[in-house]
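Here the structure is laid out as structure tokens; the discussion comes afterwards.
2 protein chains.
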Amino acid sequence: MNTWFTEQQTESVRLGLKISSIVWQQRTPFQELVVAETDAFGRMLVLDGAVQTTVADEFVYHEMITHVPLFAHPHPRKVAVIGGGDGGAIREILKHPEVEEAHLVEIDGQVIDAARRFFPTISRDLDDKRAFLHVTDGIEWVRQARGFDVMIVDSTDPVGPAEGLFAPPFYRSIAEALNPDGILVAQSESPFLNASVVRRVVSGVRASFPVTRLYLAAIPTYPSGLWSFTLGSKTALNAHGRHQQEVLTAPTRYWTPALQESCFALPRFVEELIG
Amino acid sequence: MNTWFTEQQTESVRLGLKISSIVWQQRTPFQELVVAETDAFGRMLVLDGAVQTTVADEFVYHEMITHVPLFAHPHPRKVAVIGGGDGGAIREILKHPEVEEAHLVEIDGQVIDAARRFFPTISRDLDDKRAFLHVTDGIEWVRQARGFDVMIVDSTDPVGPAEGLFAPPFYRSIAEALNPDGILVAQSESPFLNASVVRRVVSGVRASFPVTRLYLAAIPTYPSGLWSFTLGSKTALNAHGRHQQEVLTAPTRYWTPALQESCFALPRFVEELIG
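These protein sequences, in sequence, are chains A and B.
Here my numbering is used: the first residue of the first sequence is 24, the next is one more, and so on.
Here my numbering is used: the first residue of the second sequence is 24, the next is one more, and so on.
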């Protein structure tokens, strides 16, 4: 069978992935959800036409959106993920033995259902006794949340259900939900193809966090293959932190202690982009 | 006009770029050469169906294949590029004031002609008085070359004309052409989509160079967006070298002094891939 899934990544760039089957397809109350089997990257989750995760490369995104802020924090006990219904971020967070509570706040319960059913290697820790699931609007939920050490915004693109997760008031609300040494990380799209989103997230986070830094990771199924994450910290970061002593309870495939530092070394054009 | 150029990057992955026109198309004695105007990345050079360079992202590849070895070398006076007929590597090499000779050894003179005609911003320094052009087979040329400080293998993919540039005897031949403190860099494809090529280049370079290291850069129009370069050195590398004192004669858009170190920090799966 010669069938291709094509993501229109921008108006003028497409990614094509050969697929052997479409495993599942549904319209949830929030978005179009498709599960397909690709030849190159294994099983893939697509929301509103955009690749969210594949079994072969999900480790990059999920490790880098979690371990970087958790290792930057001196004692991450209480952590929340806004979005991230596939459960991959929760799986990585729970590799940190000092984490006591990992909250998942996903607006679309059917994403969680599909992850449990079709992506067991990604969703496998959603039933861990340290995992707490909230199927609700993240913006509302964060408003009443308090006492968190790390909050992670693992959102879809800034159109549709995730739009409010890219707005300055949301970052301010996260700053209030965090402890005085709290850290936020938000996925902030591609410096090559979504420069205006990178700028918008960085300036939004800067408005509420005295320390703001951007870091990068290579994700082949995301537009341009280069993805950014914006980190906001309420206090100065200890660049040479805990991660040199601590040990995760399971290995990583992308993150290393050296990358904890070097992912913040930005190409000149990215430094200039965020000013 | 809704016209798309599609690169079949692997059997199961395609990159699609919207184009406004095909500027030039010819069959050279070595390959099919196409110049097209893309919406997302500006003018693009395609050889045998594979994107070689675009005006918008060529800076990444050309800066990273040159500045990393040149700054790793204590005094790069005599440099050669095997392949690289577009001239982008030569342009970057000549930003180093201590370089006295930058030799370009391209088997396909029609690539150089097309670069001069259609890519003036890339080829602009091919007529510099420190640039020496050789339209000939790189393998033969390297066999008689001696006294080089840095040699750069800026090849197409390891099929067709470039196949011999990925073979161990070629790296041995480069080692002989280099001075005792000489450095080789070879482009070595994508760790995500061409793992066997990465492994082949690294093991080939290791066979002739006592110090071998891999480094990475993000190139959106290359398969997976993550590209590797294999560096071989005949002597120990000084990781904190010259680049902290020296100044290039023109700015960079990707390379920074911090990236000179951090580009060698590999994701765990890449460390494991090269063993």
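Beta carbons are placed, not taken as given, at the ideal position from N, Cα and C, and that holds for glycine.
Pro97 (chain B) to His119 (chain B) span [Cα, whole Å]: 12 angstroms
To be precise: take each residue of the segment 40–69 of chain A, compare its Cβ to all Cβ atoms of chain B, and keep it if any distance is under 9 angstroms. Which residues remain? Leu40, Lys41, Ile42, Thr61, Asp62, Ala63 and Phe64
Alpha-carbon to alpha-carbon, Leu38 (chain B) and Gly39 (chain A): 6 angstroms
Taking Tyr238 (chain B) as the query, report the chain A residues whose CB atoms sit under 7 angstroms from its CB, ordered along the chain. Chain A residues near Tyr238 (chain B): none, gap ~11 angstroms exceeds 7 angstroms.
For His85 (chain B) and Ala95 (chain B), the rounded distance between their alpha carbons: 16 angstroms
Cβ neighbours of Arg153 (chain A) in the same chain (closer than 8 angstroms, five flanking residues each side left out): Leu117, Val122, Glu123, Glu124 and Ala125
Starting from the C-beta of Leu207 (chain A), find all residues in its chain whose C-beta is less than 6 angstroms away, skip the five residues before and the five after it, and write them out in chain order. Met174, Ile197 and Gly255
Of the residues B:Asn217, B:Pro233 and B:Ala185, the one placed nearest Arg195 (chain B), counting alpha carbons only: B:Pro233
Between the segment 235–245 of chain B and the segment 280–289 of chain B, do at least 3 Cβ pairs fall closer than 8 angstroms? yes
My guess is that His90 (chain A) and Trp278 (chain A) are in contact by the Cβ rule of under 8 angstroms, so how many angstroms apart are they, rounded? 4 angstroms
Quick check: is the beta carbon of Ala281 (chain B) nearer than 8 angstroms to any beta carbon in chain A? yes
Under 6 angstroms Cβ to Cβ from Gly110 (chain A), same chain only, skipping five residues before and after it: list those, please. Ala138, Ile145, Ser146 and Leu149
Go ahead and label Asn261 (chain A) buried or exposed: buried means 16 or more other beta carbons lie within 10 angstroms of its beta carbon, across all protein chains shown. exposed
Cβ shell of Asp62 (chain A) (< 6 angstroms), same chain only, five flanking positions each side left out: Lys41
If we count the other Cβ atoms within 10 Å of its Cβ and call it buried at 16 or more, is Ser211 (chain A) buried or exposed? buried
Assuming contact is defined by CB atoms lying nearer than 8 angstroms, are Asp172 (chain A) and Ile88 (chain A) in contact in what I supplied? no
Can you confirm whether Tyr84 (chain B), when its beta carbon is compared against all beta carbons of chain A, has any partner nearer than 8 angstroms? no
When DSSP builds the beta bridges, which residues end up paired with Met67 (chain B)? B:Ala59 and B:Thr77
Taking the alpha-carbon positions, what's the Glu60 (chain B) to Thr77 (chain B) distance? 9 angstroms
Under 8 angstroms between C-beta atoms, does Val36 (chain A) make it to chain B? yes
May I ask you to list the residues that DSSP assigns as paired with Ile37 (chain B)? Just to set this straight, residue 37 (chain B) is Arg in the shown sequence, not Ile. Arg37 (chain B) pairs with A:Gly39 and B:Gln31.
In chain order, what residues of the same chain lie with their CB nearer than 8 angstroms to the CB of Arg100 (chain A), ignoring the 5 residues before and after it? Glu121, Val122, Glu123, Glu124 and Asp172
Beta-carbon neighbours of Arg291 (chain B), restricted to chain A and to distances below 8 angstroms: Pro274, Thr275, Arg276, Tyr277, Trp278 and Thr279
Beta-carbon neighbours of Pro243 (chain A), restricted to chain B and to distances below 9 angstroms: Val36, Ser213, Phe215, Leu216, Pro246, Ser247, Gly248 and Leu249
Could you pull out every residue in the same chain whose Cβ sits closer than 7 angstroms to the Cβ of Gly170 (chain B), ignoring the five residues on either side in sequence? Lys101 and Asn202
May I ask you to report which of helix, strand or coil DSSP gives Thr26 (chain B)? strand
Under 8 angstroms by Cβ, that's how I've got Ala73 (chain B) and Asp151 (chain B) pegged, so tell me the actual separation to the nearest angstrom. At roughly 28 angstroms, the Cβ-Cβ gap does not stay under 8 angstroms, so Ala73 (chain B) and Asp151 (chain B) are not in contact.
Short CB-CB distance (under 8 angstroms) between Ser285 (chain B) and chain A: yes
With a threshold of 7 angstroms on Cβ separation, who are the neighbours of Arg166 (chain B) within its own chain once the five nearest residues in sequence on each side are excluded? Ser196
Span of the alpha helix (DSSP H) holding Phe292 (chain B)? Arg291 to Ile297
When the Cα of Gln133 (chain A) is compared with those of A:Leu70, A:Ala273, A:Arg222 and A:Ala259, which residue comes out closest? A:Leu70
Here's the rule I'm using: 16 or more other beta-carbon atoms within 10 Å means buried, otherwise exposed. How should Pro192 (chain A) be labelled? exposed
Ala168 (chain B) to Ala200 (chain B), Cα distance in whole Å? 5 angstroms
Classification of Ile135 (chain A) by the beta-carbon crowding that lies within 10 angstroms, buried from 16 upward: buried
Would you mind telling me which residues of chain A sit closer than 7 angstroms to Thr26 (chain B), beta carbon to beta carbon, in chain order? Per Cβ cutoff of 7 angstroms: no residues; Thr26 (chain B) is ~11 angstroms from chain A at best.
Do Val228 (chain B) and Thr244 (chain B) come within 8 angstroms of each other at the CB atom, strictly closer than that value? no
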